[in-house]
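Student: Numbering (this note's numbering), first residue to last: 1 to 443. Note that the Cβ used here is the ideal one computed from N, Cα and C, for glycine as well.
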C-alpha cells in the first residue's frame with residue numbers, strides 16, 4: 001500500500017506531542033514537590049524516557065505488538081526484537097498508510113509516560129538507582145503484557161488478539177493500559193516505601209504552583225496527540241477524539257474547582273490543574289466512543305469524583321505524595337466504566353453501544369472485567385517487584401537524606417541557590433562562607 005503522507009505527518013506530529021507530555025509531567029510533579037526534592041522528581045520523569053525508550057526498541061514493541069505463539073492472548077514474542085526488518089518503508093497492516101516505524105515510535109511514548117506517572121506517588125523518598133531498576137522491570141513485566149492484552153490484534157482474518165481485545169473491552173487511548181495501570185502500581189509502590197517522615201502531620205505543600213500550571217498546560221497540549229493520534233489517521237475519528245478531549249477536560253476542571261469552593265471555601269490553582277489532568281485521564285479510553293455531550297458529562301463526573309478521591313489517602317493512611325492514585329487510578333476507572341454507559345456506535349461503528357444507546361449492560365460488564373484484571377495484575381506484580389528490589393538493594397533513602405533533601409544527597413544539586421550542596425568525591429566544592437561585615441557607627 002502506498003504511504004499516505006497526510007496520515008504520516010499527523011502521526012509524526014502526534015508522536016512528538018505525546019513525548020512532550022513527559023517533560024510536562026516533570027513540571028507538573030516538580031511543582032507539586034517540595035523545593036528540596038524538585039530536581040529528583042523531574043529526573044525520575046526524564047530517566048523514564050531513557051529507560052523505557054531503550055527497552056521499547058530492544059524488545060518492548062515486539063512483546064507488546066507481535067504474535068507470541070501459544071501465548072499470543074497474553075504476551076507477544078521476540079520476532080520484532082531490535083526492530084530488525086522494520087527499517088524498510090512498510091505500511092501498517094490496518095491500511096492507515098503510515099510506516100510501521102511511525103507506529104512503533106508513537107507507542108514508545110505511551111510506555112514512557114506510563115512508568116513516569118508512577119513516580120509521583122513516591123516523591124521525596126525513593127533511591128534514584130532503585131527507581132531506574134524498577135522502571136526497567138515494571139515496563140517489562142507489567143506494561144508490556146497489559147498493552148498486549150488490550151491493544152494487540154493480528155487482524156480479523158487471522159482471529160488472534162490479546163484476550164481483553166478479543167473480549168470486546170474498549171480502550172481507545174490508554175485508560176486501562178496507561179492510567180489504571182500506573183495508578184494502581186503507584187499505590188503498591190507507596191505501600192512498600194511507606195510514608196514520608198512527618199506525613200500527614202507536617203504540611204508538605206507544592207513549592208511552585210506556576211510550575212504546576214505550566215505542567216498541566218503542556219500535558220493538555222500533548223494529550224491531543226495522545227488521544228486524537230490514537231486514531232492512526234487524520235480523519236473523522238481523530239476529530240471526534242480531539243473535540244472530546246477538549247470538552248471533557250474543560251468540564252472536569254470546572255467541576256473540580258466547584259467542589260473545592262463548596263467544600264473548602266476557595267477554588268485553587270492546584271485544584272484547576274488537577275481537574276485538567278483528571279479530565280484528560282478519564283476521557284482517554286472513551287474519547288472516540290462518546291458524543292461531545294457525553295464527553296462533557298464524563299468530565300463533570302470525573303472532576304467531581306477525583307476531587308473527593310484525592311482525600312482518601314488521609315482516611316486510609318497511604319502516602320501517595322502527588323495524588324497519582326486519586327487522579328490516575330480513579331479517573332481511569334471512571335472513564336473506562338462510563339464507556340459502558342455513554343458509548344454509541346453513532347460516533348464510531350468500531351465501538352459498541354452502551355446503556356444509554358440501548359446496548360444493555362454487556363459493554364459495561366466487559367469494561368468492568370478489563371478494569372478488574374488490570375487492577376489485580378498490576379497491583380500484585382508491582383508489589384512483588386518493589387519488595388524484591390527493596391530486599392536486594394533497598395528502595396528508600398535514609399531518614400537523614402530525606403530530611404536533608406534528596407536533591408542534594410542523591411544528585412549533588414539544588415534547584416534554588418539556598419546554600420552549599422553536600423557533595424561526594426569529584427563533586428563541586430561547597431560555596432565559601434561569606435566574609436563578615438562590619439558597620440560603622442556614628443558617634
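1. Could you please give the first and the last residue of the uninterrupted alpha helix (DSSP H) stretch that includes residue 274?
2. Which whole-angstrom value is the C-beta distance of residue 136 and residue 55, which I expect to be below 8 Å?
3. Return the residue from the list 314, 387 and 408 that minimises the CA-CA distance to residue 200.
4. What residue from 355, 224 and 206 has the CA that sits closest to residue 38's CA?
5. Assuming residue 219 contacts residue 103 under a Cβ cut-off of 8 Å, what Cβ separation, rounded to an integer in Å, is found between them?
6. Got a sec, what are the start and stop residues for the alpha helix (DSSP H) residue 444 sits in?
7. Let me know the secondary structure DSSP gives residue 292 once reduced to three states.
8. By Cβ distance, which residues of its chain are closer than 7 Å to residue 6, with the 5 residues on each side in sequence left out?
9. When we look at the beta-carbon of residue 400 and count the other beta-carbons within 10 Å, is it buried (16 or more) or exposed?
10. Which residue comes first and which comes last in the alpha helix (DSSP H) that contains residue 174?
11. Please list, in chain order, all residues of the same chain as residue 62 whose beta carbon is under 7 Å from its beta carbon, the five residues on each side excluded.
12. In the DSSP assignment, what are the bridge partners of residue 126?
13. Would you say the segment 131 to 147 touches the segment 181 to 200, given that touching needs at least three Cβ pairs under 8 Å?
14. If you drop the 5 nearest sequence neighbours on each side, which residues of the same chain put their C-beta closer than 6 Å to that of residue 14?
15. Tell me whether the beta-carbon of residue 192 lies closer than 8 Å to the beta-carbon of residue 383.
16. Taking the alpha-carbon of residue 140 as reference, which of 163, 108 and 167 has the nearest alpha-carbon?
17. When you compare each of 171, 64 and 11 to residue 366 by their alpha carbons, which one comes out closest?
18. Taking only the alpha-carbon atoms, compute the straight-line gap between residue 210 and residue 30 and give it to the nearest angstrom.
19. Applying the 10 Å Cβ sphere with the 16-neighbour rule, what's the burial state of residue 452?
20. How would you call residue 85, buried or exposed, if buried means at least 16 neighbouring beta carbons within 10 angstroms?
21. Following the continuous alpha helix (DSSP H) through residue 349, name the residue where it begins and the one where it ends.
22. Taking the straight line between their C-alpha atoms, what separation do you get for residue 361 and residue 355?
23. For residue 398, is the classification buried or exposed, using 16 other Cβ atoms within 10 angstroms of its Cβ as the cut-off for buried?
24. So the candidates are 394, 414 and 250; which of them puts its Cα closest to the Cα of residue 133?
25. Would a C-beta distance cut-off of 8 Å place residue 198 and residue 284 closer than the cut-off?
Tutor: Walking through what the data contain:
1. On the chain shown, residue 274 is found 274 positions in, with the first residue counted as 1. It spans 269 to 283 - the alpha helix (DSSP H) in which residue 274 sits, taken as one unbroken run.
2. Taking the first residue of the chain shown as 1, we reach residue 136 at position 136. Taking the first residue of the chain shown as 1, we reach residue 55 at position 55. Right, their Cβ atoms sit about 6 Å apart.
3. Translated into positions along the chain shown, residue 200 becomes position 200. When each option's Cα is compared against that of residue 200, the closest is 314.
4. Along the chain shown, read from residue 1 onward, the residue named residue 38 stands at position 38. That would be 206, whose Cα lies nearest to the Cα of residue 38.
5. Here residue 219 refers to the residue found at position 219 of the chain shown. Here residue 103 refers to the residue found at position 103 of the chain shown. Between residue 103 and residue 219 the Cβ distance is about 23 Å, and since that is not below 8 Å, they are no contact.
6. Here the chain covers residues 1 to 443 and nothing more, so residue 444 does not appear.
7. In the chain shown, counting from the first residue as 1, residue 292 sits at position 292. In this structure, residue 292 counts as helix in the three-state DSSP scheme.
8. Taking the first residue of the chain shown as position 1, residue 6 is located at position 6. Correct list, in chain order: 234.
9. In the chain shown, the residue the question calls residue 400 occupies position 400. The residue in question, residue 400, is exposed, as its Cβ has fewer than 16 Cβ neighbours within 10 Å.
10. For the purposes of this step, residue 174 is taken as the residue at position 174 of the chain shown. Looking at the DSSP string, residue 174 is not in any alpha helix (DSSP H), and its letter there is neither H nor E.
11. Position 62 of the chain shown, counting from 1, holds the residue named residue 62. Within the same chain, residue 62 has close Cβ partners 76, 77, 78, 79, 80 and 81.
12. Taking the first residue of the chain shown as 1, we reach residue 126 at position 126. The partner list for residue 126 (beta bridge, DSSP) reads 396.
13. yes
14. Within the chain shown, residue 14 is the residue found at index 14, counting from 1. Counting only Cβ-Cβ distances below 6 Å, and skipping sequence neighbours, we find 225 and 229.
15. To locate residue 192, count along the chain shown from 1; it is residue 192. To locate residue 383, count along the chain shown from 1; it is residue 383. Yes; because the gap between Cβ atoms is below 8 Å, this pair is in contact.
16. The residue you call residue 140 lines up with position 140 of the chain shown. Nearest option by C-alpha distance: 108.
17. If you number the chain shown from 1, residue 366 lands on position 366. Answer by Cα proximity: 171.
18. Within the chain shown, residue 210 is the residue found at index 210, counting from 1. Within the chain shown, residue 30 is the residue found at index 30, counting from 1. Going from the Cα of residue 210 to the Cα of residue 30 covers about 10 Å.
19. Residue 452 lies beyond the stretch modelled for the chain, which goes from 1 to 443, so this question has no answer here.
20. Taking the chain shown and counting its residues from 1, one reaches residue 85 at position 85. With fewer than 16 other Cβ atoms within 10 Å, it is exposed.
21. Looking up residue 349 in the chain shown gives position 349. From DSSP, residue 349 is part of no alpha helix (DSSP H); its letter is neither H nor E.
22. As a working note, residue 361 is residue 361 in the chain shown. As a working note, residue 355 is residue 355 in the chain shown. In a straight line, the C-alpha of residue 361 is about 6 Å away from that of residue 355.
23. On the chain shown, position 398 is the one that residue 398 refers to. With fewer than 16 Cβ atoms within 10 Å of its Cβ, residue 398 is classed as exposed.
24. Mapped onto the chain shown, residue 133 falls at position 133. Ranking the options by Cα distance to residue 133, first place goes to 394.
25. Here residue 198 corresponds to residue number 198 of the chain shown, with the count starting at 1. Here residue 284 corresponds to residue number 284 of the chain shown, with the count starting at 1. Not a contact, by the Cβ cut-off of 8 Å.
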